[in-house]
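Student: Before I ask anything, let me first share the structure, which is written out below as structure tokens.
Residue numbers (full-length UniProt numbering): 1 to 197.
Set out below in structure tokens:
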């Protein structure tokens, strides 16, 4: 993302404390009176600019030099072993692999780590949905991200979409939660520990 434009008071707000932080929800500080914001939505009595901050629902982090890096939507980011996992960040690495046409990363419930990253992948036409392909993709990700961000499960499938073509992550998350609650293993997935070690 880079640096904010002059006159745009961008603040990263920690969701737990509501205070400015180096990582958090991207907000605009309304006390600086930014002139480019709408005041509300048609037919909605709630003002869009109520409170101290205009909240975007996006999460980012600011580095020591002041540059802001996008992490993802606040409702997509999840925790694994107490680390924040950005599906956007992992999906960006996954689609760099020639086998991957499209990917969606969701949390898979895990008794030890709370959740682990699972990638649902639409394969390119000339690739086979097998353990060798899953291993190649997992190794590709492993070589490019820190250990806590590694994809631990891969499943090859058509991705569910909305009418507008967006991936229906909620459907994939629900599938993972349902299987976990039922104690039913997903036999069509490939596991990191079985393939990469």
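A virtual CB, placed ideally from N, CA and C, is assigned to each residue, including glycine.
Does the distance from the CB of residue 25 to the CB of residue 42 come in under 8 Å?
Tutor: Not closer than 8 Å, so no.
Student: Whose C-beta lies closer than 6 Å to the C-beta of residue 140 among residues of the same chain, with five residues either side of it excluded?
Tutor: Only 97 meet the Cβ criterion.
Student: Using a Cβ-Cβ cut-off of 7 Å (strictly less than) and excluding sequence neighbours within five positions of residue 131, which residues of its own chain qualify?
Tutor: Same-chain partners within the cutoff: 190 and 195.
Student: Looking only at its own chain, which residues have a Cβ that is under 7 Å from the Cβ of residue 66, when we skip the five neighbours before and after it?
Tutor: Closer than 7 Å at the Cβ level, and outside the excluded window around residue 66, lie 3.
Student: Between the region 81-89 and the region 97-107, do at least 3 Cβ pairs fall closer than 8 Å?
Tutor: Yes, they touch.
Student: In chain order, which alpha helix (DSSP H) runs of at least 4 residues are fully inside the region 89-161?
Tutor: If we require 4 residues or more, the alpha helix (DSSP H) runs fully inside the region 89-161 come out as 131-142.
Student: Just the Cα atoms here: how many angstroms apart are residue 72 and residue 57?
Tutor: Answer to the nearest angstrom: the Cα atoms are 9 Å apart.
Student: Please classify residue 133 as buried or exposed, where buried requires at least 16 neighbouring CB atoms within 10 angstroms.
Tutor: The residue is buried, with at least 16 neighbouring Cβ atoms inside 10 Å.
Student: Let's test the definition: count the other Cβ atoms within 10 Å of the Cβ of residue 192 and tell me whether it reaches 16, buried, or not, exposed.
Tutor: Under this definition residue 192 is a buried residue.
Student: Measuring CB to CB, does residue 70 end up less than 8 Å from residue 1?
Tutor: Yes, they are a contact pair.
Student: Quick one: Cα of residue 183 to Cα of residue 112, how far?
Tutor: Distance between the alpha carbons of residue 183 and residue 112: 15 Å.
Student: Indicate the three-state DSSP secondary structure (helix, strand or coil) for residue 31 in the structure shown.
Tutor: In this structure, residue 31 counts as helix in the three-state DSSP scheme.
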